[in-house]
Structures are given as C-alpha cells and as structure tokens.
Amino acid sequence: MHSVPTVDDLLTLFPSDTARDSDGMLTVGGCRLDDLAGEYGTPVMVVAEGSLRRRARDYRDLLARRWPDSQVVFASKAFPCTAVQRLLVSEGLWLDVAGGGEIVAALAAGADPATLVLHGNAKTTEEIALAVGSGVGTVVVDNLDDIVRLDAAVPPGHTQDCLVRVIPGVQASTHAAHATGHEGSKFGLSPAAAKQAIARIEASGRLRMLGLHTHVGSQILRADELAAAVAPLAALGQYPVYDLGGGLGARYTYADRPPTLDEYLDALIGAAREHLPTGARILIEPGRSVVAANAVTVYTVITVKPGAVTFVAVDGGMGDNLEVALVGQRFEATIANRVGGGQMVTVVGRHCESGDVLSDGVPLDKPRVSDLLVVPATGAYCYTMSNNYNGARRIPIVFASGGQARQVVRRESWQDLLARDVTV
Ligand SMILES: Cc1ncc(COP(=O)(O)O)c(C=O)c1O
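The numbering of the sequence shown is our numbering, which starts it at 2 and goes up by one.
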C-alpha cells in the first residue's frame, strides 16, 4: 500500500488537527510547518497539543465509562517531557515512572507524588529511597530484592503501597524487544514466584499488598492478546487494585490497524468483568498509544543522491528516532508542501551507520535540497531515546495549538555537548 498513498491516506497518520494551507504547506495545530522550521530550526518535533489533550480525555472517559473506579496512568517512558507530563496530569492522568530520573521529571511537572507508580526491573537502593522519600504512591515489586530494599527504606510508622508484577505467560505478536509477558521475560515474577513475593509483603509491617500488575509488551495490534493477561492474575487471589499495563499499538504505516480505544477497552474490561472482583480499582498504563500519533518531526533535506536507490538524506536520523534501528519500526514521510505521491526513495539520516534509515522505500514528490521533510507518528519513544551520536544535538519540542506555537524543550547547544566533561 505504501507505494501509492493518496494525500488522504497520508494525513490519517498525522495528528487530527493537521491540514494543508492554500499553497499546500502542512499545518499542525494551525501552525505552518515552514514557519515552525524557520523559527525553531530543524530537526524539530511538533506536538499537536489539542489532539494530545483529546486523546488523554478519550482514554480517561472511555475507561471510566466501562469501569468507574479506574485510572489511566501515562507511561512516562514513552515521552518523558515535563510539558507533556504536565498536560496529561492536568487531564487527570497519573504517571508511571521507571526509575529515579522519571520520578524527578514527574515531580518537576507538578505531579502529585501519590499518583506516581514506580516501575523497574532493577531499581537501585538510591531510587527506592528517592521514591519512598518523595512519597511515591505505588511501587511495583518486580523481584524479591525490591522487597528487601523497600522494607529497609520505609521509615517506622509508615507503610508503602505495593503491587506485584506478574508474568502472565502471554506471547504477544510484536517485535521480540517489545514483548514482556512471556515466560522467561526479565520483567516481573512467574505466578509461583509472585506468591512468594506476596507472602513476604504481607509479612512485612511496612509494606501493604495493594494488588497485582501485568504488562504484555508494546506496539501490540491485537486486543485479545492484551486482554489475555487478565485471567492469570485472578488465579493469584483477590486484591483492591489491578494494574493491567499498557501496550496498545499505534498506527505508523498504512497497513497498521491497531484496535480503536473502544475495541481495546471492550476486550480488556470484558476480561476484567469476567475474572476480577467487581469492587477492585483498575489501572491501565498506556504510553505509545497516547502520544505516538500526536507529534511529527520536521527535517531539512540536505542532499539527494540518485542511483539504483535514490537516497534523500536529512539533517537528523537515529539521533532523534531510534525506533527504526532498534526494532525495525517503519515510518512514512512526505515533503511538507508537496504531500503524497512521487518517486520511490529511501530517506536516511546523517549518522555514520547504514542502519540510520528513517523510511526505507517511500514515495516523495520531487525531493530537492532544502525541502522540509516530515515524518508523522514520532510522539512515542523518539524524544526519550534521542542521543548525541555523531555529536547530534538533541532536538527541540514545540507545542502547536490554535495557530500558536511555543517551544517547551530547546535544542541542545554545542556547549551542552561538552557540559559534563570535567576537563576540557
Ligand atoms: C510496565 C510498563 N507499563 C506500560 C508501558 C507502556 O507501554 P506502551 O507504550 O506500549 O503503551 C511499558 C512499556 O513497555 C511498561 O514497561
């Protein structure tokens, strides 16, 4: 399908408040992408603030409609930018934080510590002390050593609420690096080991056994695979809270057909009705499916190299989007003011790796030097995995809404690249 996309096909991959100006230039949140590129430089990530807010509300409302005592907990790791977290917190979402850095960011974003859910398969003593000391509401126990460290960190007279992460034994059809629910996963405890953890928490005077957690993996395009994790939890007993994880896939390509929120929640909450106590509270932890579709990255074409394969090379790449190199995720692309159609090219980045490909085989309309090239669906796991490979400066983030733009993260400076060197 990606060989002949129509303009309409392409726009379905963009944030809902994307349009084309009279001269064909794309606008996101009412802002022309050439204006944003002119003001903030390229590469730049543009977040459609209104459409992100609507997605958060849909998640919250559609879950609450099915299970009133419920809570959406945004998986910060998908986009740990304080402006994003602040927006989601303002819509009533809690935050899942994996490790000390994400606790610090969530607190800086103004999240109530009681609404933070701490994860990590290798939480250090320092991170556990930070969590307990900051009043993080819920800690997800991933191994028996977490219990030892937590017991030592909680001051006398206090208690720390805990969930136990259970491996549900669900092999999801996603990239191996994204799967976490199968037997042998490094995350969580087998049901037998979870029983041991539960007994130890219940025996501790400082820890409270609040409930169970499970997470099947990420970029999962089948609702039944996500729902399959619920029944194994029920076998471990009845608790006040069940955190059913995240994992709903996002739409990156024309071929992707992720379940809608309604389809996903029908399946998940259907399984909860069948297997979990009616009085329990249910948490879900989506990351990718909240943010992926609500941001685009704008690059400048630096060179077009014709040949057996025509390479269109841009001023970013695996420094700002590792998803392609890491898990082979396919992304689509277009020239910002000549949307859709054209000749097949391969869009590559500026980094010294042949795997530094942004889009392998994508039709672009007469790409030339200085064109603006846009990659949709970059809101998840791109900012968070951005890096300084080849001296790349991490890119800015701009929120666009109602024709107004505001920068929420600035581009790194050359000086920033040297900032941690003790001797220069
Ligand atoms: C424990 C946990 N919860 C939630 C998520 C969010 O997953 P996703 O971004 O696929 O929704 C992850 C990431 O894989 C995770 O590890």
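All residues carry an ideal CB built from backbone N, CA and C; glycine is no exception. As the structure is a computational prediction, the values presented were derived from the model and not from experiment.
Just to confirm before moving on: does the CB-CB distance between residue i and residue j stay below 7 angstroms?
| i | j | result |
| --- | --- | --- |
| Gly121 | Gly138 | no |
| Gly284 | Asp244 | The amino acid occupying residue 284 in the given sequence is Leu; Gly does not appear at that position. A contact, by the Cβ cut-off of 7 angstroms. |
| His179 | Gly218 | yes |
| Arg411 | Pro397 | yes |
| Ser71 | Asp97 | no |
| Tyr300 | Leu419 | no |
| Gly280 | Ala326 | no |
| Gly341 | Leu11 | yes |
| Ala334 | Val363 | yes |
| Pro169 | Pro233 | yes |
| Val29 | Thr43 | no |
| Asn338 | Met26 | yes |
On the criterion of 16 or more Cβ atoms from any shown chain inside 10 Å, does residue i qualify as buried, or is it exposed?
| i | result |
| --- | --- |
| Cys32 | buried |
| Pro377 | buried |
| Pro156 | exposed |
| Arg351 | buried |
| Gly134 | exposed |
| Met2 | Interpretation of Met2 is limited by its pLDDT of 46, a score under 50 that renders its predicted location unreliable; no figure is taken from the coordinates. |
| Asn389 | exposed |
| Gln330 | buried |
| Arg150 | buried |
| Leu145 | exposed |
| Lys124 | buried |
| Cys163 | buried |
| Leu53 | buried |
Report, in whole angstroms, the separation of the C-beta atoms of residue i and residue j, which I expect to be a contact under 8 angstroms.
| i | j | result |
| --- | --- | --- |
| Ala200 | Leu190 | Not quite, the Cβ-Cβ distance comes to about 12 angstroms (not below 8 angstroms), so this is no contact. |
| Arg87 | His159 | Not confirmed; about 28 angstroms, so no contact. |
| Thr83 | Ala57 | Rounded, the Cβ-Cβ distance is 16 angstroms, inconsistent with contact. |
| Tyr265 | Ala296 | About 21 angstroms separates the two Cβ atoms, so there is no contact after all. |
| Leu227 | Pro259 | No, Leu227 and Pro259 are not in contact; Cβ-Cβ is about 11 angstroms, not under 8 angstroms. |
| Ala236 | Pro192 | 7 angstroms |
| Thr181 | Thr298 | Not a contact, Cβ separation roughly 27 angstroms. |
| Gly271 | Tyr240 | About 20 angstroms separates the two Cβ atoms, so there is no contact after all. |
| Val399 | Leu37 | 6 angstroms |
Compute every distance between the C-beta of residue i and the non-hydrogen atoms of ligand 1, then say whether any falls below 6 angstroms.
| i | result |
| --- | --- |
| Glu286 | yes |
| His183 | no |
| His176 | no |
| Ala1 | Residue 1 lies beyond the range of the chain shown here (2 to 425); nothing can be said about it. |
| Gly248 | yes |
| Ser205 | no |
| His352 | no |
| Arg289 | yes |
| Ser186 | no |
When DSSP builds the beta bridges, which residues end up paired with residue i?
| i | result |
| --- | --- |
| Cys163 | Val140 and Met210 |
| Ser360 | Val348 |
| Pro377 | Val297 |
| Leu117 | Leu96 |
| Ile221 | Leu249 |
| Ala230 | Answer is none; Ala230 lacks a bridge partner. |
| Val73 | Ile285 |
| Ile336 | Arg339 and Leu374 |
| Ile398 | Met46 and Val410 |
| Arg33 | Thr28 |
| Gln405 | Ser402 |
| Asp244 | His214 and Leu284 |
Regarding residue i and ligand 3, is the C-beta to nearest heavy atom distance less than 6 angstroms?
| i | result |
| --- | --- |
| Ala76 | In the structure shown, ligand 3 is absent; the only ligands present are ligand 1. |
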